[in-house]
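Chemist:
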Amino acid sequence: MEFKADIGLEVHVQLKTRSKMFTRAPYYYGAEPNTLTDPVVLALPGVLPVMNKEAVRKTVQLGLLCKCEIAERCKWDRKNYFYPDSPKNYQLSQFDQPICNGGEVEIEMLGASRNVMGEHRMVQLTRIHLEEDVGKLTHFANDSLVDYNRAGAPLCEIVTEPDMHNADEVFAFLTALRNNIVAAGLSDCDMEKGQMRCDANISVRPVGQEQLGTKVELKNMNTISGVRNAVAYEIKRQIHAVMSKEPITQQTRRWDPVTQVTSKMRDKEESHDYRYFPDPDLMPVAISAELKEELGKDLPELPFDRQRRYMAELDLPYTITSVLCPDRALAEFFEEALAATKGKGEPKAVANLIVNELLRELSSGEQEGSLPLAESKVTPAHIAELVVLTEEGVITKQIGKEVFIEMYQSGKMPSAIVEEKGLQAEQGDDGELEAIIREVAADPKHEKAIAQFKEGNKKAINSLIGPIMKATQGKADPRKIMELLAKVLG
Amino acid sequence: MPSDKIDIDYVAKLARLDLSEEEKQTFTAQLGDILGYVDKLSDVDVSGVEPMAHAFPLENVLDEDEPREPLTVVEALRNAPAQRDNQIVVPKVVEDA
Amino acid sequence: MSDLISKTAAKLSAMLAAGEVSSVEVTQAFIDRTEAVEERVKAFNSCDKSWALAQAEASDKRRAAGQASGPLDGIPVALKDIIAVKDQPLTCSSRMLENFVSPYDAHVTELLKAQGAVLWGRLNMDEFAMGSSTENSAFQTSRNPWNLDCVPGGSSGGSAACVAALEAPLSIGSDTGGSIRQPAAFCGVVGMKPTYGLVSRFGLVAFASSLDQFGPFSRTVEDAAMLLQGIVGHDDRDSTSFKAEVPDYRAALTQKQGPWKIGVPSEYFAKGLDPEIKAAVEDAIKFYESEGCAIEEISLKMTEYALPVYYILATAEASSNLGRYDGIRYTHRAKNAEDAIDLYYKSRAEGFGPEVKRRIILGTYVLSSGYYDAYYLRAQKVRTLIREEFMQVFQNVDAILTPTTPTPSFKRGEKADPLSMYLNDIYTINVNLAGLPAISVPCGFTSSKLPIGLQLIGKPFAEADMLAMAHRYEQAHTWKDAVAAL
Numbered sequence: 505m506e507f508k509a510d511i512g513l514e515v516h517v518q519l520k521t522r523s524k525m526f527t528r529a530p531y532y533y534g535a536e537p538n539t540l541t542d543p544v545v546l547a548l549p550g551v552l553p554v555m556n557k558e559a560v561r562k563t564v565q566l567g568l569l570c571k572c573e574i575a576e577r578c579k580w581d582r583k584n585y586f587y588p589d590s591p592k593n594y595q596l597s598q599f600d601q602p603i604c605n606g607g608e609v610e611i612e613m614l615g616a617s618r619n620v621m622g623e624h625r626m627v628q629l630t631r632i633h634l635e636e637d638v639g640k641l642t643h644f645a646n647d648s649l650v651d652y653n654r655a656g657a658p659l660c661e662i663v664t665e666p667d668m669h670n671a672d673e674v675f676a677f678l679t680a681l682r683n684n685i686v687a688a689g690l691s692d693c694d695m696e697k698g699q700m701r702c703d704a705n706i707s708v709r710p711v712g713q714e715q716l717g718t719k720v721e722l723k724n725m726n727t728i729s730g731v732r733n734a735v736a737y738e739i740k741r742q743i744h745a746v747m748s749k750e751p752i753t754q755q756t757r758r759w760d761p762v763t764q765v766t767s768k769m770r771d772k773e774e775s776h777d778y779r780y781f782p783d784p785d786l787m788p789v790a791i792s793a794e795l796k797e798e799l800g801k802d803l804p805e806l807p808f809d810r811q812r813r814y815m816a817e818l819d820l821p822y823t824i825t826s827v828l829c830p831d832r833a834l835a836e837f838f839e840e841a842l843a844a845t846k847g848k849g850e851p852k853a854v855a856n857l858i859v860n861e862l863l864r865e866l867s868s869g870e871q872e873g874s875l876p877l878a879e880s881k882v883t884p885a886h887i888a889e890l891v892v893l894t895e896e897g898v899i900t901k902q903i904g905k906e907v908f909i910e911m912y913q914s915g916k917m918p919s920a921i922v923e924e925k926g927l928q929a930e931q932g933d934d935g936e937l938e939a940i941i942r943e944v945a946a947d948p949k950h951e952k953a954i955a956q957f958k959e960g961n962k963k964a965i966n967s968l969i970g971p972i973m974k975a976t977q978g979k980a981d982p983r984k985i986m987e988l989l990a991k992v993l994g
Numbered sequence: 093m094p095s096d097k098i099d100i101d102y103v104a105k106l107a108r109l110d111l112s113e114e115e116k117q118t119f120t121a122q123l124g125d126i127l128g129y130v131d132k133l134s135d136v137d138v139s140g141v142e143p144m145a146h147a148f149p150l151e152n153v154l155d156e157d158e159p160r161e162p163l164t165v166v167e168a169l170r171n172a173p174a175q176r177d178n179q180i181v182v183p184k185v186v187e188d189a
Numbered sequence: 140m141s142d143l144i145s146k147t148a149a150k151l152s153a154m155l156a157a158g159e160v161s162s163v164e165v166t167q168a169f170i171d172r173t174e175a176v177e178e179r180v181k182a183f184n185s186c187d188k189s190w191a192l193a194q195a196e197a198s199d200k201r202r203a204a205g206q207a208s209g210p211l212d213g214i215p216v217a218l219k220d221i222i223a224v225k226d227q228p229l230t231c232s233s234r235m236l237e238n239f240v241s242p243y244d245a246h247v248t249e250l251l252k253a254q255g256a257v258l259w260g261r262l263n264m265d266e267f268a269m270g271s272s273t274e275n276s277a278f279q280t281s282r283n284p285w286n287l288d289c290v291p292g293g294s295s296g297g298s299a300a301c302v303a304a305l306e307a308p309l310s311i312g313s314d315t316g317g318s319i320r321q322p323a324a325f326c327g328v329v330g331m332k333p334t335y336g337l338v339s340r341f342g343l344v345a346f347a348s349s350l351d352q353f354g355p356f357s358r359t360v361e362d363a364a365m366l367l368q369g370i371v372g373h374d375d376r377d378s379t380s381f382k383a384e385v386p387d388y389r390a391a392l393t394q395k396q397g398p399w400k401i402g403v404p405s406e407y408f409a410k411g412l413d414p415e416i417k418a419a420v421e422d423a424i425k426f427y428e429s430e431g432c433a434i435e436e437i438s439l440k441m442t443e444y445a446l447p448v449y450y451i452l453a454t455a456e457a458s459s460n461l462g463r464y465d466g467i468r469y470t471h472r473a474k475n476a477e478d479a480i481d482l483y484y485k486s487r488a489e490g491f492g493p494e495v496k497r498r499i500i501l502g503t504y505v506l507s508s509g510y511y512d513a514y515y516l517r518a519q520k521v522r523t524l525i526r527e528e529f530m531q532v533f534q535n536v537d538a539i540l541t542p543t544t545p546t547p548s549f550k551r552g553e554k555a556d557p558l559s560m561y562l563n564d565i566y567t568i569n570v571n572l573a574g575l576p577a578i579s580v581p582c583g584f585t586s587s588k589l590p591i592g593l594q595l596i597g598k599p600f601a602e603a604d605m606l607a608m609a610h611r612y613e614q615a616h617t618w619k620d621a622v623a624a625l
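Protein chains in written order, with the numbering used here: chain A, 505 to 994; chain B, 93 to 189; chain C, 140 to 625.
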């Protein structure tokens, strides 16, 4: 029997604001315990919530980014439940009137190989609503400790339809969602810092069956890869269970990233009775067409749209664009560098330099992970100048690599480095180059290639260029070599 | 109006309130009376009436995203019944919610 | 007994301004009075005498330096134990908060401090403002200064009793369903509930958020106007705080001359109204008539639904508002809890009194799965109708006149059945549901020497007219001069 899996996600994204959702206590990651609180955060007697304007605006932007329908008006509700990380023992959330309804996120499935673009499709969203985060519990053998720093941070909950069908799609969705949100500056989406969290609802059914299978909720996945592995495991587990005639019960399971298996946390007890009701302390939100328009203007081009544009208009290959485009800062760096060449640089040359040379250097330092682009000494102007110097034949590609290393380390402009070290390609004195060419051509080991060339195979003489370059210490202009070589071999 | 007898155990559990048997009996009876009295609301024709959530409804009461000085840890934990390492100590949390 | 304590706040303010007396003398006089009678009145949960005197001294220094900040500077104001004052206890008369000390000030507290008022003591109340007699206080039952066997009303019973007993010239209470006006009527003082949103609720411990409002207690309408002036104003920490132009309430007392068109709802004079109260209120109607006011008989048919709507909405909101008292962060914590969940059950069982538990259960029930539409949603819709009915009436009249309560004060322990206690608020509750301002002013005594209150209900944010109307009545009568013998 063949099976189909149906996967829906609930993704929580912490919005990048300076203060909390309903009070002006500061919020940032990594502060000492309980240093980011105020009477409202701690739910002391007598306090009241007031909405954070920026959080509302960012949620509308998130909705626009995901092509949701933005509510003209929405209200706040209290979701009542007791838990030690929840100071009020109710969460301010949106029950039946989310800020954003529907929507979709474009994803790219795996291609046939890394160099081939995969199929694109849309994953449908149900809704996006705004709420507040809870504090953090740390468990010990006999008790637990509570830190309320995170309590009250603005949190968007993005709910998808059960519209994904395998672990790779889930991975692709989370990656695309994160790239879009980070590009728009709405959140940093660092899962390890809890800025993005994901629960998955998974069910399987025999292919051909209309009705969805029994849903299992999966929790405790702390990286996007973790989600992929957990979902893949859970689908296999469920298929195996069905095949072995074990019934699947509605339950919540926890992913263990160490053992790489899911295990049951609890059976789904009678559905939670949250006693939702409209919050009497907060006034409704109204979102005008003008506000939507204003907020939409601030949104960047989405990474996939940018990628399509680069491929179509700049003739950049998939492999390059798939590195450049997901990272808005990198793509903008590229565009600035390209602009700085003032039309004298090929887009591909600019992109290659960034993707191949710059990214390699950024990731090769002693720091953990990659050095942020902004901290590099290399600016778009450096890249542009280097590309133009190479394309105009002032330096050879070979020398260009040397100049790149030097400018990456010192931050000096390429022209200054070339000047200082006398790295200009040999110009004008054809006699000296011609002499070298004649010498190389005379080497018996090239006899065969020369013969082939003379028979009309133009490419055959490419094997002479390396040795000629070497003899000129890389300073010769390859085009000039070709020209003289043709003359010498005449 | 629903006229079912109040399921006091279920409601007390939702409210996280330990009630003695005596309290349960008293409350069940008293709340029955109150709910009986409240039942008169079913006489009112409310078709087409908007629910009233606020006495004087406003919209978009928003505050700027500018942090104010937080409480010090000492102030934040001033009334804490138990604390350790600048955090609130709670008895073991058993998965419930 | 010092002569100072029998003076109105307005008079004391004038004496301070004229240098005839110091704030320390005034404050000391009220401290002395409190020490003399408090054992019988039991209005206060706690007093901080040295802090009161320190504030008074600071006030005197300001005045000496020519920096006195207004009519409240140097005047003692006692606060219901539901208002946050930094570094002071905030108990709500509950075991739950018995040891709680507030790390912050309510907006009202900030305003009073800024105007130099001498904050004096924490006043007893029904636990979390749930009750009409202060018998639901976890600590003590306050007494009615007019008859110590009788209750002062509630929930702001301590606020009313302390003013009636001359332990403070002014006090602040809170009113969710009549919690200022009913005790004011019972204790023969002035008590006023402003329009919802006029006074910031930031720092007012929530009972029912959509109904709660702070308000003043005093012995005269002028004093109420003076204290109201000191606590109104927009606050960006309360989303329901209204940005309204604030008139000069005290000046309005004499500027606004009427004649007014006054509505008298027949429903408020029907079965259940004590005949002596009825007679006293009818005399008040005659007074206004004699002053040239037009008296209009009106009908508020929705009145009978006010109580059921109130008990659904108020308890539902309360059940959620009181979720935070859980034994975790700052409240009473039960010993020997097995785990965090058990801690909730035990701490809440130990920390809350029976009325609070009863209302939490009721509120939780009406919000629970399957009942929301039938109770909460329906009640919110009926609330709309109640408000619309008032607005309709206010197209034709300037104010509505009613008795404040159907009966005078009653003996402690007399009303054991919660429903009969709830019925006490029948004339005050729909004012909260509609968000309107209302005031209770003394309008006589029963044959057993218990005070009677007259209620005037105003249009939204029309406090100035309402106060002027009340002032007119008060100035023509001697009730304000009567003092309970203690």
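For glycine and all other residues, C-beta sits at the position ideal for the given N, C-alpha and C.
#1: One question on the structure: do MET525(A) and VAL153(B) come within less than 7 Å of each other, judged by their Cβ atoms?
#2: Could you spell out the range, first to last residue, of the alpha helix (DSSP H) harbouring ALA945(A)?
#3: Is it true that the CB of TYR444(C) sits closer than 7 Å to the CB of VAL521(C)?
#4: I'd like to know if LEU722(A) contacts chain B, where contact means its C-beta is closer than 7 Å to some C-beta of that chain.
#5: May I have the straight-line CA-CA distance separating GLY606(A) from SER707(A), to the nearest angstrom?
#6: If we count the other Cβ atoms within 10 Å of its Cβ and call it buried at 16 or more, is GLU142(B) buried or exposed?
#7: Rounded to whole angstroms, what is the Cα-Cα separation between LYS349(C) and VAL827(A)?
#8: Do THR442(C) and ASN275(C) come within 7 Å of each other at the CB atom, strictly closer than that value?
#9: Roughly how many whole angstroms lie between the Cα atoms of PRO162(B) and GLN628(A)?
#10: For ASN1011(A), is the classification buried or exposed, using 16 other Cβ atoms within 10 angstroms of its Cβ as the cut-off for buried?
#11: Tell me, please, which residues DSSP counts as bridged to ARG498(C).
#12: Give the single residue among ALA577(C), ARG611(C) and GLN614(C) whose Cα lies nearest to the Cα of GLY597(C).
#13: Should HIS776(A) be labelled buried (16 or more other beta-carbon atoms within 10 Å of its own) or exposed?
#14: According to DSSP, GLN518(A) sits in a beta bridge with which residue or residues?
#15: Exposed or buried, which one is GLY639(A) when buried takes at least 16 other CB atoms within 10 Å?
#16: Quickly, what does DSSP pair SER185(C) with across the bridge? List them, please.
#17: So that I know if they touch, is there some Cβ in chain C lying closer than 7 Å to that of ASP462(A)?
#18: By the three-class DSSP mapping on this structure, what secondary structure does ALA844(A) have?
#19: Starting from ASP703(A), follow its DSSP beta bridges and name the residues at the other end.
#20: Just checking, does the segment 323-335 of chain C make contact with the segment 194-201 of chain C on the three C-beta pairs under 8 Å criterion?
#21: Counting only beta-carbon separations shorter than 7 Å, does SER281(C) have a partner in chain A?
#22: Let me make sure I understand the geometry here. Which of LEU572(C), LEU258(C), ALA621(C) and LYS440(C) has the alpha-carbon closest to that of PRO784(A)?
#23: Closer than 9 Å by beta-carbon distance: list the chain B residues that pair up with SER559(C), in chain order.
#24: Out of THR845(A), MET613(A), ASP581(A) and LEU659(A), which one is the CA nearest neighbour of PHE599(A)?
#25: HIS950(A) and MET911(A) - do their beta-carbons sit closer together than 7 Å?
#26: Against chain C, with Cβ distances strictly below 7 Å, would ASN584(A) count as a contact?
#27: Does any residue of chain A bring its CB to less than 7 Å from the CB of ALA189(B)?
#28: Looking at chain A, is there any beta carbon in it that lies within less than 7 Å of the beta carbon of ILE100(B)?
#29: Pull up the DSSP beta-bridge partners for ARG758(A), would you.
#30: Give me the Cα-Cα distance between ALA939(A) and ALA946(A), rounded to the nearest whole angstrom.
#31: Who pairs with VAL627(A) in a beta bridge, going by DSSP?
Modeler: On the basis of the supplied data:
#1: Counted from its first residue, the first sequence places residue 525(A) at position 21. Counted from its first residue, the second sequence places residue 153(B) at position 61. Contact flag unset, no.
#2: What you label residue 945(A) is simply residue 441 of the first sequence in a count that begins at 1. Where ALA945(A) is concerned, the enclosing alpha helix (DSSP H) starts and stops at 934-945.
#3: Within the third sequence, residue 521(C) is the residue found at index 382, counting from 1. Within the third sequence, residue 444(C) is the residue found at index 305, counting from 1. Closer than 7 Å, so yes.
#4: As a position in the first sequence, residue 722(A) is number 218, starting the count at 1. Not flagged as an interface residue toward chain B: LEU722(A), since no C-beta distance is shorter than 7 Å.
#5: Within the first sequence, the letter at position 102 stands for residue 606(A). Within the first sequence, the letter at position 203 stands for residue 707(A). Looking at the two C-alpha atoms, the distance is approximately 22 Å.
#6: Translated into positions along the second sequence, residue 142(B) becomes position 50. By the neighbour-count criterion, in which 16 or more other beta carbons inside 10 Å mark a residue as buried, GLU142(B) falls on the exposed side.
#7: Taking the first residue of the third sequence as 1, we reach residue 349(C) at position 210. Taking the first residue of the first sequence as 1, we reach residue 827(A) at position 323. As written in the sequence, residue 349(C) is Ser, which differs from the Lys given in the question. Across the structure, SER349(C) and VAL827(A) are spaced so that their CA atoms are roughly 54 Å apart.
#8: Within the third sequence, the letter at position 136 stands for residue 275(C). Within the third sequence, the letter at position 303 stands for residue 442(C). Contact flag unset, no.
#9: As a position in the second sequence, residue 162(B) is number 70, starting the count at 1. As a position in the first sequence, residue 628(A) is number 124, starting the count at 1. Answer to the nearest angstrom: the Cα atoms are 40 Å apart.
#10: The requested residue 1011(A) does not occur in the structure, where chain A is confined to residues 505 to 994.
#11: For the purposes of this step, residue 498(C) is taken as residue 359 along the third sequence, with counting starting at 1. Its beta-bridge partners do not exist; DSSP assigns none.
#12: To locate residue 597(C), count along the third sequence from 1; it is residue 458. Of the listed residues, the one whose Cα sits closest to GLY597(C) is ALA577(C).
#13: Translated into the one-based positions of the first sequence, residue 776(A) becomes position 272. HIS776(A) should be labelled exposed.
#14: Taking the first residue of the first sequence as 1, we reach residue 518(A) at position 14. Paired residues: LEU659(A).
#15: As a working note, residue 639(A) is residue 135 in the first sequence. So GLY639(A) counts as buried.
#16: Locating residue 185(C) in the third sequence gives position 46, counting from the first residue. Bridge partners of SER185(C): ARG261(C).
#17: Because chain A in this structure spans residues 505 to 994, residue 462(A) falls outside the shown range and cannot be described.
#18: Translated into positions along the first sequence, residue 844(A) becomes position 340. It is helical.
#19: As a working note, residue 703(A) is residue 199 in the first sequence. Its beta-bridge partners are GLU514(A).
#20: No contact exists between the segment 323-335 of chain C and the segment 194-201 of chain C.
#21: If you number the third sequence from 1, residue 281(C) lands on position 142. Taking Cβ atoms only, chain A never reaches closer than 7 Å to SER281(C), which makes this a no.
#22: Translated into the one-based positions of the first sequence, residue 784(A) becomes position 280. Taking only the C-alpha atoms, the option nearest PRO784(A) is LEU572(C).
#23: Within the third sequence, residue 559(C) is the residue found at index 420, counting from 1. Those do not exist, as SER559(C) stays about 10 Å from chain B at its closest Cβ, beyond 9 Å.
#24: As a working note, residue 599(A) is residue 95 in the first sequence. Considering only alpha carbons, the answer is ASP581(A).
#25: Within the first sequence, residue 911(A) is the residue found at index 407, counting from 1. Within the first sequence, residue 950(A) is the residue found at index 446, counting from 1. In this structure, MET911(A) keeps its C-beta atom at 7 Å or more from the C-beta atom of HIS950(A).
#26: One-based indexing of the first sequence puts residue 584(A) at position 80. For ASN584(A), the answer is yes, since a Cβ of chain C falls inside 7 Å of its Cβ.
#27: For the purposes of this step, residue 189(B) is identified with residue 97 of the second sequence, where counting begins at 1. Any answer about ALA189(B) is weak, because its pLDDT of 42 lies below 50 and its placement is not dependable; what the coordinates show is given next. Taking 7 Å as the CB threshold, ALA189(B) lines the interface with chain A.
#28: Looking up residue 100(B) in the second sequence gives position 8. Between ILE100(B) and chain A, the shortest Cβ-Cβ separation is not below 7 Å.
#29: Indexing the first sequence from 1 puts residue 758(A) at position 254. ARG758(A) pairs with LYS723(A) and SER767(A).
#30: As a working note, residue 939(A) is residue 435 in the first sequence. As a working note, residue 946(A) is residue 442 in the first sequence. ALA939(A) and ALA946(A) have their C-alpha atoms roughly 11 Å apart.
#31: Reading the first sequence from its first residue, position 123 is the one you call residue 627(A). Paired residues: VAL609(A).
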